[in-house]
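See below for the structure under consideration.
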Amino acid sequence: MHAMRVELEAVVNELKRWRDAGEDAVYLEPGTLDAVRAKVAELRAAAPDEALPENQARDTSPAFEAASSESRGSLRPRIKQNADVIKDFLQQSDSPSTAPKKKVAKKGAAKAGQGLPPGVKEIPSPTPFELPEGDKQARWNWLRDHVLGDPVCQEHLRPSKQVVFGVGNLDADIFFCGEAPGEDEEMQGEPFVGKAGQLLNKIISAMGVSREQTYIGNIMNWRPEHDKPFGNRAPVEAEINYCLPYLIGQLEIVQPKVIVALGLTAANGLLGFDPERRMGKVRGQWLEFSGVPLIITYHPSYLLRNQANSAKRLVWEDILLAMAKVGLPISEKQQGYFKG
Ligand code: URA
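See the structure below:
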């Protein structure tokens, strides 16, 4: 029974990551949904004290409203039907700030309200630091060494994995900001080198520039630990807060003309955590972070799951805005990518 719960929680983690990347709906085969319902019912029967919340009224929250209904057409009704089960899962293991009080108390104050999985050490407040004097390269080298040697980053690594610091051109106009390293990144010690990274590379080359001409960093410097057999966990606020000064340090050094935040976690890290923030509402418009123009768009991993041209177009429109802002030439061909 424990294994089943762990696997369901792994699914929840992955769904939360999807949500944070910008996913607003999930399609499940009816058979899958039946299997999930059966497992939830089994869990409820076996451990009523820890039961998942009963399905309440059908979910109508914006998190699962259709943003690209034209692309999914006939799937929409089934997606909506699934929404209450998925929402139920997400609420069950959401962070204490959004989860019902009763459950928080049961999970224990031992986690000090940080919402970390069992066995993960609490995250302290960030330690203040000052960038040294010097040129960009010297300051960047100092910060990189400082972050790679940070004992908190180190103690949250899996065995033989690496802390991940940003890479790229220290004079870059465009600074891409992702959320957290995944499996490939923690192995190679570089951001965006897995599948999402390959897609980001394609986006960058469609802009007519190379990855090396941009700067790529993450809100988090280590892969958030979890006890699940697969998948990733979205970082909690305390983890983001701990790493944020390191991202700010990189922004201070690079001084880009534009920040492109990839996904909601990046947006929440930069703008302050807001559980109500929705990708459909915040993308495609200019915001600001510390005086630097900021555009938020879907995370590349969202595009790996949603291959519709309409989804690619939304991201591309955000990228076009960024290109225009930094004065990159935009051809007619580029202007029309993913239209129709
Ligand atoms: N996703 C991210 O947000 N960052 C990475 O480095 C890799 C995947």
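If you're matching positions, the sequence shown starts at 1059 in my numbering and goes up one per residue.
C-beta: ideal position from N, C-alpha, C; glycine also.
Small disclaimer: the values here were computed from a predicted structure and weren't measured.
Consult DSSP for residue i and reduce its assignment to one of helix, strand or coil.
| i | result |
| --- | --- |
| Glu-1334 | coil |
| Glu-1065 | helix |
| Glu-1248 | coil |
| Leu-1073 | helix |
| Ile-1181 | coil |
| Glu-1100 | helix |
| Gly-1327 | helix |
| Leu-1148 | Low local confidence applies: a pLDDT of 42 at Leu-1148 is under 50, so the model's placement there is unreliable, with the coordinate-based value given in what follows. DSSP places Leu-1148 in helix when its eight states are reduced to three. |
| Glu-1241 | helix |
Along the chain, where does the beta strand (DSSP E) containing residue i start, and where does it finish?
| i | result |
| --- | --- |
| Ile-1274 | 1273-1276 |
| Gly-1307 | It is not in any beta strand (DSSP E) - Gly-1307 instead sits in the alpha helix (DSSP H) that spans 1295-1312. |
| Glu-1390 | No beta strand (DSSP E) contains Glu-1390, which is instead part of the alpha helix (DSSP H) from 1390-1393. |
| Glu-1375 | Not the beta strand (DSSP E): Glu-1375 falls in the alpha helix (DSSP H), residues 1367-1384. |
| Val-1318 | 1316-1320 |
| Gly-1171 | From DSSP, Gly-1171 is part of no beta strand (DSSP E); its letter is neither H nor E. |
Would residue i and residue j be called neighbours here (beta carbons separated by less than 8 Å)?
| i | j | result |
| --- | --- | --- |
| Leu-1379 | Ile-1388 | no |
| Phe-1347 | Leu-1328 | yes |
| Ile-1402 | Val-1384 | No answer is possible for residue 1402: it lies beyond the span of the chain, which begins at 1059 and ends at 1398. |
| Gly-1275 | Gln-1313 | no |
| Glu-1243 | Val-1222 | yes |
| Leu-1174 | Gln-1195 | no |
| Leu-1201 | Trp-1280 | no |
| Gly-1289 | Glu-1072 | yes |
| Glu-1375 | Gly-1342 | yes |
| Leu-1361 | Leu-1206 | no |
| Arg-1336 | Ala-1325 | no |
Below 8 Å on the Cβ atoms is my guess for residue i versus residue j; work out the distance and round it to an integer in Å.
| i | j | result |
| --- | --- | --- |
| Thr-1323 | Glu-1237 | 4 Å |
| Ala-1254 | His-1357 | 7 Å |
| Tyr-1273 | Gly-1226 | 4 Å |
| Pro-1293 | Ile-1277 | 7 Å |
| Cys-1235 | Leu-1305 | 7 Å |
| Gly-1321 | Ala-1079 | 4 Å |
Could you please give the first and the last residue of the uninterrupted alpha helix (DSSP H) stretch that includes residue i?
| i | result |
| --- | --- |
| Pro-1351 | Not the alpha helix (DSSP H): Pro-1351 falls in the beta strand (DSSP E), residues 1350-1355. |
| Glu-1213 | 1209-1213 |
Near residue i, what residues of its chain come up, given a Cβ to Cβ distance below 6 Å and the 5 sequence neighbours on each side ignored?
| i | result |
| --- | --- |
| Glu-1295 | Phe-1331 |
| Ser-1359 | Ala-1079, Ala-1254 |
| Pro-1184 | Tyr-1300, Pro-1303 |
| Arg-1291 | Asn-1071, Pro-1282, His-1284 |
What does a CB cutoff of less than 8 Å around residue i pick up in its chain, not counting 5 residues either side in sequence?
| i | result |
| --- | --- |
| Ser-1268 | Ile-1262 |
| Gly-1252 | Gly-1240, Glu-1241, Asp-1242, Glu-1243 |
| Glu-1248 | Val-1222, Val-1225 |
| Lys-1179 | Glu-1213, His-1214 |
Identify, in the order they occur along the chain, each residue of the same chain with its Cβ nearer than 7 Å to the Cβ of residue i, setting aside the five sequence neighbours on each side.
| i | result |
| --- | --- |
| Gly-1177 | Asp-1285 |
| Glu-1297 | Ile-1181, Met-1278, Pro-1282 |
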